[in-house]
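Quick note on numbering: full-length UniProt numbering labels position 201 of the sequence shown as 201, and the sequence is numbered without any gaps.
For each residue, glycine too, the CB sits at the ideal point set by N, CA and C.
Notes follow the structure.
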Amino acid sequence: MLTISQLAAYAGVTVRAVRHYHAKGLLPEPERDHSGYRRYDAAAVVALIRIRTLAEAGVPLSRVQELLDADDDAFAAAVEEVDRRLRAEIRERQQHRDRIARLAAGDSLALPPEAVAYLQRLRQLGVEEQVVEAERHAWILVAAQLPDQMPFYMASKNAQLDDPGVLATYRELADVVTWPAEDPRLDAVADRLTAELEAVPDDAWGHGDLPEELAELLDAVFLDSVPGARRILRRLEHNGWTGWTNVRRTAPRP
């Protein structure tokens with residue numbers, strides 16, 4: 001006769017596992033010796049090994065007894081069902097791993113490849129990371145609402161980066177975001193933006209506008225994150241322009 005420690009050793013489990021299987025009703029309680037200790041026979045070793053094997057194969061403990069009592073056909077059917085469940089769990093875990101990998105990838109989280117490439121180009125052109133991060137947040141919002149339009153928007157943004165004036169504005173924004181809300185220098189920034197806008201032909205406006213609700217949300221992000229945003233927009237309006245995301249002329253060309 002075997003002690004509980006010997007039984008556990010023969011079956012390759014812990015004493016705690018043996019007690020757990022007793023508590024679950026999977027392993028019958030054995031007779032006890034005159035001192036009150038459990039004593040096990042060889043049949044208990046076989047039963048425990050079968051329980052351990054099923055548990056290690058991924059069979060829920062709630063179904064182990066069912067499989068232990070099943071005939072060959074029922075056992076095969078139950079094993080097939082468990083296998084399907086395990087395959088589904090593996091697929092789900094792989095999806096979790098893919099999501100974690102995207103988290104580690106930084107820009108690629110929630111952004112399509114063309115947007116990631118655009119942000120990387122900003123960095124390569126010397127745009128400060130603070131400005132790149134603001135762009136990333138904005139494009140995450142756009143990509144969530146208009147995923148099919150992202151290739152068009154990114155092609156347009158890349159074309160803008162070919163303009164030295166636009167690139168200079170991007171580089172300047174890294175300083176602008178740190179200025180106080182009523183810094184007088186903001187007027188000069190708005191005037192330079194106005195000059196860039198005036199250089200765009202009239203027939204080029206409106207083709208890439210975002211839906212108004214989304215544009216308003218992005219404008220709100222700009223207003224909340226840049227202290228001088230309101231002064232810049234006031235100056236733009238004074239110069240005949242309105243909006244930040246969907247920029248529009250409010251006064252005819254001089």
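| Query | Result |
| --- | --- |
| Using the rule of at least 16 other Cβ atoms within 10 Å of the residue's Cβ for burial, across every protein chain shown, is residue 226 buried or exposed? | buried |
| If you draw a straight line from the C-alpha of residue 156 to the C-alpha of residue 115, how long is it? | 11 Å |
| Per DSSP, residue 40 is paired with what? | 2 |
| State the start and end residues of the unbroken alpha helix (DSSP H) segment that holds residue 194. | 185 to 198 |
| If distances are taken between C-alpha atoms only, which option among 193, 174, 162 comes closest to residue 241? | 193 |
| Quick one: give me the first and last residue of the alpha helix (DSSP H) that residue 145 is part of. | 129 to 145 |
| Among residues of its own chain, excluding the 5 on either side of residue 212, which ones have a beta-carbon nearer than 8 Å to its beta-carbon? | 246 |
| State the CB to CB distance for the pair residue 64 and residue 51, rounded to an integer number of angstroms; the pair is presumed to be in contact (CB under 8 Å). | 6 Å |
| Would you list the one or two residues that DSSP bridges to residue 241? | 249 |
| Within the chosen definition, does the segment 137 to 148 reach the segment 112 to 129 through at least 3 CB pairs nearer than 8 Å? | yes |
| Please classify residue 125 as buried or exposed, where buried requires at least 16 neighbouring CB atoms within 10 angstroms. | exposed |
| Per DSSP, what are the beta-bridge partners of residue 32 in this structure? | 38 |
| When the Cα atoms are used, what is the spatial distance from residue 80 to residue 89? | 14 Å |
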